[in-house]
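*Asks:* Starting off with a structure, shown below.
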Amino acid sequence: MHEIICPHCSKAFKVDEAGYADILKQVRNSEFEQQLHERLELAEKDKLKEVELAKSNIRNDMHEVTAAKDTEISGLKAKIEAGEVARKLAIAEALKTVEKERDTLANELEKAKLDNLSTSKLAEEKLSASKSAQKLAVTEAVGKVEKERDELKNSLKHVELEKQLAEKSLKDKYETQIKDRDDAIERLRDMKARLSTKMVGESLEQHCETEFNRIRSTAFPNAYFEKDNDASGGSKGDFIFRDSDSAGTEIVSIMFEMKNENDTTASKKKNEDFLKELDKDRTEKGCEYAILVSLLEPDSELYNSGIVDVFHRYPKMYVIRPQFFIPIITLLRNAAMKSLEYKTELALVKSQNVDITNFESDLDKFKSAFAKNYDLASRKFQTAIDEIDRSIDRLQKAKEALLGTDRNLRLANDKAQDVTIKKLTRKNPTMAAKFEELESKGSSDSE
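Read in this note's numbering, the sequence shown has 1132 at position 446, and its numbers run on one by one without any break.
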């Protein structure tokens, strides 16, 4: 057991080895993420500074090389111009010398004409030789100047070529440095992505579940985030997220699918391959949004840029990298909170409509039951009245029968009272004799 003191309330509490290791792991991960983020920012800033410095150095170096080469070119051009001037001066000087010799020879020729013919012939030969020498001198001077001019032009071309090569070399050098810096930053980003998803000994699903559980109690106290284990529709997602307010009104619901593969996998999958099934799972489970958390297509600039919506293919669906797992939940929940008031009012209206419907239904049931009972009671009452009427008829008949019996009994009594022995024996002499005999016998006995 380890004892930890809370920095806020200064109370000490104990945790077991697993809890203590988990806390240390969270602290290390948090510190590592922060340091890695800071290093990425510093690397980005250093990159920008070095790019600007490289650009400045390139400009300075190019300016120096250009200035040196321009100076050299200017010198060569000046030499060429000076050579042209020297050539012109040499030609002018040669022409001047030759013309002077020609004038001298011409004068000598004129003078020789006056002396004799042989001297004239000699002068003509000298004049011809002088002209040949003049042409030869001019040709040699022009050839020498043209040679110097060609050498200077070749030197100028060589200097310009060296200037271009120097510019290209500097550009390639700094472009290589910038590319190396970009590669280093990309490696850091890739390392961050891989380390943030805990690829060593932990799957992508476990990472996302752990990240959510770390902030569940503080950020999503009423949220439901569990594995989707219902495969009754033929397929299932990885996780379902549902959040509701204290009254139980649902704020937002999300179906999550996590996809990853090893770098050595021969057949590489694409994110596009899983969107249709994810949309089907979202619809079957009644979720509002669908999100694919993916490490597939690691070189795709589209998916590496951040949160990518694919609404043009499937409604309310996003594709993200694992580092955007918590931010996308927060964004969707905050957006849904703005419409919570309308949802609450709608739920209240629905509840009122349900209450009114239930009241009307209960009232209809009561009316129906009351009418049924009234009908039954009315029929029973009529039956009772009919039975009473029949009873009255029977009693009336019994009364009349009794009255008839009484009348007959009275008549019988009257008749019985009116019966005498004389009337009984009036037409019966035998009985008359018997009664007389009894009467006489009775008289004798009495005596």
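Using N, Cα and C, we set each Cβ at its ideal position, and we do this for glycine too.
#1: Would you check if there are 3 or more beta carbon pairs closer than 8 Å linking the stretch 728-735 to the stretch 836-851?
#2: Using beta-carbon positions only, say whether F960 and E943 come within less than 8 Å of one another.
#3: According to DSSP, simplified to helix, strand and coil, what is Y1004?
#4: How is F906 classed by DSSP in three states: helix, strand or coil?
#5: Can you check the stretch 942-981 for any alpha helix (DSSP H) of at least 4 residues that lies completely inside it and give the ranges in chain order?
#6: Is the beta carbon of R928 closer than 8 Å to that of S918?
#7: Which same chain residues, not among the five before or five after I871, have their C-beta less than 8 Å away from its C-beta?
#8: In the DSSP assignment, find the alpha helix (DSSP H) that holds R1019 and state where it starts and stops.
#9: Beta carbon of P1008, beta carbon of L851: below 8 Å?
#10: Across which residues does DSSP place I940 in a beta bridge pair?
#11: In chain order, what residues of the same chain lie with their CB nearer than 8 Å to the CB of D916, ignoring the 5 residues before and after it?
#12: Compare the C-alpha of D836 against each of K765, L822, K782, D789 and name the closest.
#13: Going by beta carbon distance, what residues of the same chain come within less than 8 Å of Y1000, once the five residues before and after it are set aside?
#14: Among all the DSSP beta bridges, which residues are the ones paired with F911?
#15: Out of L856, I1015, A933, which has the shortest C-alpha to C-alpha gap to L1034?
#16: Excluding the five sequence neighbours on either side, which residues of its own chain have a C-beta within less than 8 Å of the C-beta of M1003, listed in chain order?
#17: Would I937 and L1026 qualify as a contact pair, given that the criterion is a beta-carbon distance under 8 Å?
#18: Is it buried or exposed, N957, if we count other Cβ atoms within 10 angstroms and call 16 or more buried?
#19: DSSP three-state call for V737: helix, strand or coil?
*Replies:* Reading it off the structure:
#1: These segments do not touch.
#2: In the sequence shown, counting from the first residue as 1, residue 960 sits at position 274. In the sequence shown, counting from the first residue as 1, residue 943 sits at position 257. Cβ atoms of F960 and E943: closer than 8 Å.
#3: Position 318 of the sequence shown holds residue 1004. Three-state DSSP puts Y1004 in a strand.
#4: Counting from 1 along the sequence shown, the entry for residue 906 is found at position 220. In the structure shown, the three-state DSSP call for F906 is coil.
#5: 961-970
#6: Here residue 918 refers to the residue found at position 232 of the sequence shown. Here residue 928 refers to the residue found at position 242 of the sequence shown. No. Outside cutoff.
#7: On the sequence shown, position 185 is the one that residue 871 refers to. Excluding positions up to five away in sequence, the list reads L726, A729, E730, K733.
#8: By 1-based counting over the sequence shown, the position of residue 1019 is 333. Its alpha helix (DSSP H) spans residues 1011-1024.
#9: On the sequence shown, residue 1008 is found 322 positions in, with the first residue counted as 1. On the sequence shown, residue 851 is found 165 positions in, with the first residue counted as 1. No; because the gap between Cβ atoms is not below 8 Å, this pair is not in contact.
#10: Here residue 940 refers to the residue found at position 254 of the sequence shown. Under DSSP, I940 takes part in a beta bridge, and its partners are F927, Y975.
#11: Looking up residue 916 in the sequence shown gives position 230. Excluding positions up to five away in sequence, the list reads K922, K971.
#12: Residue 836 sits at position 150 when you count from the first residue of the sequence shown. Nearest option by C-alpha distance: K765.
#13: As a first step, residue 1000 is located in the sequence shown; it is residue number 314 there, counting from the start. Only L961, K962, L964, D965, A976 meet the Cβ criterion.
#14: In the sequence shown, residue 911 corresponds to position 225, counting from 1. DSSP lists F927 as partners of F911.
#15: The residue labelled residue 1034 in the question sits at position 348 within the sequence shown. It is A933 whose Cα lies nearest to the Cα of L1034.
#16: On the sequence shown, residue 1003 is found 317 positions in, with the first residue counted as 1. These residues qualify, in order along the chain: L961, L964, D965, R968, Y975, A976, I977, L978, D995, V996, F997.
#17: In the sequence shown, residue 937 corresponds to position 251, counting from 1. In the sequence shown, residue 1026 corresponds to position 340, counting from 1. Taking 8 Å as the Cβ cut-off, I937 and L1026 qualify as a contacting pair.
#18: Within the sequence shown, the letter at position 271 stands for residue 957. Label assigned to N957: buried.
#19: Position 51 of the sequence shown, counting from 1, holds the residue named residue 737. Note: V737 maps to helix in three-state DSSP.
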